[in-house]
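Peer 1:
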Amino acid sequence: ASGSDDKTIKLWDVGEQKLLRTLKGHEWLVNSVAFSNDGRMLASASEDKTVKLWETANGNLLKTLKKYSRGVFCVAFSPDNQWIASGGYNNELMLWDVAAGKHLDSLSGHKGNVSAVAFSRDGKTLVSAGQDKLIKIWDPATRKCLKTIAGSILFYTVALSPDAKSLAAAGYNQNALLWDPVDGKTSITLEAHNGVIHSIAFSPKGVMLATAGSDRTVRLWDALTGYAAQTLEGHQDEVLSVCFSPDGRWLASGSADRTVRLWNGPEAKQVAVLFDPAATDANQKAVSFHYTNEYGQVLTQTQPCGTPIPAGAVCTCNCVPGVYAAPVSAPPTTLTVPAGQICTCNKICTCIPIV
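Numbering (my numbering), first residue to last: 3 to 357.
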């Protein structure tokens, strides 16, 4: 699932690399999306001051959660799907009852916008990170703050390792930091990106860490040693979000270039570009995976403007409406292109790789 500046949420079939449906209902940009643990629900957080719950099977809107005074930045389900945590402007961090669709409590302590939230795998710990340069560790059952970690940057993203023994966060500088959540001490500093880090995620087994940055790259790290394992390049604009599939097979990244890209987790190779030809100017701000057992080999993929076309690929290009002025007349054409050529703007090319 991906959320965007165009006020929509898109559900994708990972195996077929195609758009399943578009969810509409938010009145402003969507900042964050999260699946429930069983995959039956999706939560979305928006600048329209709401959190919405959706049924993934049919895209129906189940509930709209309202209590925020301004926009909502982040959202996360507890592992048992009973609670939702969400953070927003004005220090607002809230817990919600999923079944009832009601506000349970507001957790006080942050002194700035709450940018990110994450539950531990056992549901006994909730972590929040804010633009007040604070990370807070909570007991969601008692609503008590167990520890406050003071940082030196505005935090945009936070993640807990599967065993809850490591906490990773990053934000308004080039480095990602790992802490021991028990003593609050920094264990590893990753000299990660050439710019802001928007998103961070642990692999399902906790051995790898992925970061997404304004330098248009996704970077993979050994979560235990801090070793820089891979740099994934391909996005044409800053990368705003990243996450692993629950089985670790795939990595998804969402970018301001209006695409979600899929990477083979073990090999870190790009396998697909997810792009809605009907989209024109939407930034893919948030991505979230739900596991499926159906996976297919990539035979066809849609390439957005600005994407290098594979050597020998047969491409059919059609002009689509967008933020650029389309030619007066531009019938579909089929052509074979050399390596490195860029699909010109106003066109979406469906490319069949030579295998």
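Every residue gets a Cβ at the ideal spot worked out from N, C-alpha and C, and that includes glycine. Please read these numbers as outputs of a predicted model, since none were measured by experiment.
If you pair each beta-carbon of the segment 145-158 with each one of the segment 206-222, do three or more pairs fall below 8 Å?
Peer 2: Between the segment 145-158 and the segment 206-222 there are fewer than three C-beta pairs closer than 8 Å, too few to call the two in contact.
Peer 1: Measure the C-alpha to C-alpha separation of L64 and L44 and round it to an integer number of angstroms.
Peer 2: 10 Å
Peer 1: If contacts are defined as beta-carbon pairs under 8 Å, then A270 and V262 qualify, I think. What distance do you get, rounded to the angstrom?
Peer 2: Not really, about 16 Å apart at Cβ, beyond 8 Å.
Peer 1: Assign T52 to one of two classes, buried (16 or more other C-beta atoms within 10 Å of its C-beta) or exposed (fewer than that).
Peer 2: buried
Peer 1: Out of H195, K126, Q238 and V100, which one is the CA nearest neighbour of S46?
Peer 2: V100
Peer 1: Would you list the residues sitting across from A143 in a DSSP beta bridge?
Peer 2: Beta-bridge pairing links A143 to no other residue.
Peer 1: Look at the Cβ atom of I202, then the Cβ atom of A230, and state whether they are nearer than 9 Å.
Peer 2: no
Peer 1: Can you check whether the CB of V198 is closer than 9 Å to the CB of Y158?
Peer 2: yes
Peer 1: Between the Cα of H28 and those of L21, K20, E240 and T66, spot the shortest distance and give me the residue it belongs to.
Peer 2: Of L21, K20, E240 and T66, the smallest CA-CA separation from H28 is found for T66.
Peer 1: Let's test the definition: count the other Cβ atoms within 10 Å of the Cβ of P183 and tell me whether it reaches 16, buried, or not, exposed.
Peer 2: buried
Peer 1: Looking at the secondary structure, which residues open and close the beta strand (DSSP E) in which Q272 lies?
Peer 2: K271 to L276
Peer 1: I'd like the span of the beta strand (DSSP E) that includes G103, first residue to last.
Peer 2: From DSSP, G103 is part of no beta strand (DSSP E); its letter is neither H nor E.
Peer 1: Just to confirm my understanding: we take D50, look at its own chain, exclude 5 residues before and 5 after, and list those with CB closer than 6 Å. What are they?
Peer 2: H28, E29 and W30
Peer 1: First and last residue of the beta strand (DSSP E) that includes H200?
Peer 2: Run containing H200: I199 to F204, per the beta strand (DSSP E) assignment.
Peer 1: In or out: C88 buried (at least 16 other Cβ within 10 Å) or exposed?
Peer 2: The amino acid occupying residue 88 in the given sequence is Ser; Cys does not appear at that position. Looking at its Cβ environment, which holds 16 or more other Cβ atoms inside 10 Å, S88 is buried.
Peer 1: If you count every other CB in all the chains shown that lies within 10 Å of the CB of T213, and 16 or more means buried, which is it?
Peer 2: buried
Peer 1: To which residues does DSSP link I155 through a beta bridge?
Peer 2: I155 has no beta-bridge partner at all, per DSSP.
Peer 1: Measure the C-alpha to C-alpha separation of W85 and D107 and round it to an integer number of angstroms.
Peer 2: 11 Å
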